[in-house]
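Undergrad: Got a structure here, written out as structure tokens. Questions coming.
Chains as they are written, first to last, in the working numbering: chain G, 415 to 525; chain X, 20 to 133.
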């Protein structure tokens, strides 16, 4: 399974765009990239998933370069409620047997 | 809301006692996962089921831990002879399909062993 590396923490201010980059140098051909958000005392929540190029939904965008060795989660115009831990996961398609979380990035948003 | 439900939300027990947690996944989801999370760490994989079959179990899981998913519906996680090191949040997640399908997590059961 591909290992991921993320910054331990990041700080930003309300209204700013926040980009969290995840490194996954050993990503395999069949691996997807998935991001989750977790608030205290809650389980992680799926944010976005992609395989290549760019994916956008109502919450975030995910940018994946051609070599797929990294990915960037982009949160537009963050608010205080975006303060959370963000996890980047890399896993295979339906043949995967388990999904491994790293330590995540603790994002703190200030007024 | 028919999301993943976990019970109880909190459990306090004395060292040496047995505890059992329950997870009710989203009804049509065939995969069910158990994770353990301690403060400041990401969720740690424990085991997962595809329907009623337990397909993978972490090598970190001691023999005191056992999980079942009878009839491929709800699941239980039992910890026998609890130790203080078992204190953690136990998370359950379900998905429809394999590793590329998003996991839907419950809000966990927080276990405190005194």
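Ideal Cβ positions, reconstructed from N, Cα and C, are used throughout, including at glycine.
Keep in mind that this is a model prediction, so the values were computed, not measured.
(1) Quick test of your reading: residue 446 of chain G and residue 61 of chain X, contact by CB under 8 angstroms. State the CB separation rounded to the nearest angstrom.
(2) How would you label residue 50 of chain X, buried or exposed, when you count the other beta carbons within 10 angstroms and need 16 or more for buried?
(3) Which residues in chain X sit within 7 angstroms of residue 517 of chain G, going by Cβ to Cβ distance?
(4) Expressed to the nearest angstrom, what Euclidean distance is found between the alpha-carbon atoms of residue 477 of chain G and residue 133 of chain X?
(5) Can you give the Cα-Cα distance for residue 46 of chain X and residue 448 of chain G, rounded to whole angstroms?
(6) Check the Cβ-Cβ distances between residue 430 of chain G and every residue of chain X, and say whether any is below 8 angstroms.
(7) Which residues, taken in chain order from the region 107 to 130 of chain X, show a beta carbon closer than 9 angstroms to some beta carbon of chain G?
(8) Buried or exposed: which applies to residue 420 of chain G, given that a residue is buried once 16 or more other Cβ atoms fall within 10 Å of its Cβ?
(9) Is there at least one Cβ from chain X nearer than 8 angstroms to residue 434 of chain G's Cβ?
(10) Quick check: the region 105 to 114 of chain X against the region 20 to 32 of chain X, are at least 3 beta-carbon pairs closer than 8 angstroms?
(11) Answer with buried or exposed for residue 57 of chain X, where buried requires no fewer than 16 other C-beta atoms within 10 angstroms of its C-beta.
TA: Judging by the given coordinates:
(1) Going by Cβ atoms, the distance from residue 446 of chain G to residue 61 of chain X rounds to 18 angstroms, so no, they are not a contact pair.
(2) Buried: at least 16 other Cβ atoms inside 10 Å.
(3) Within chain X, the residues near residue 517 of chain G are 60 and 61.
(4) Note on geometry: alpha-carbon atoms of residue 477 of chain G and residue 133 of chain X lie some 46 angstroms from one another.
(5) Taking the CA atoms as reference points, residue 46 of chain X sits about 23 angstroms from residue 448 of chain G.
(6) Put simply, the CB of residue 430 of chain G is far from chain X, with every gap to its CB atoms at 8 angstroms or more.
(7) Close to chain G, meaning a Cβ-Cβ distance shorter than 9 angstroms, are the following residues of the region 107 to 130 of chain X: 108, 110, 111, 112, 114, 116, 117, 118, 119, 120, 121, 122, 123, 124, 125, 126, 127 and 129.
(8) It is buried - the Cβ of residue 420 of chain G has at least 16 other Cβ atoms within 10 Å.
(9) No, its Cβ sits nowhere closer than 8 angstroms to a Cβ of chain X.
(10) With contact defined as three or more Cβ pairs closer than 8 angstroms, the region 20 to 32 of chain X and the region 105 to 114 of chain X are in contact.
(11) By the Cβ neighbour-count rule, residue 57 of chain X is exposed, with fewer than 16 other Cβ atoms within 10 Å of its own.
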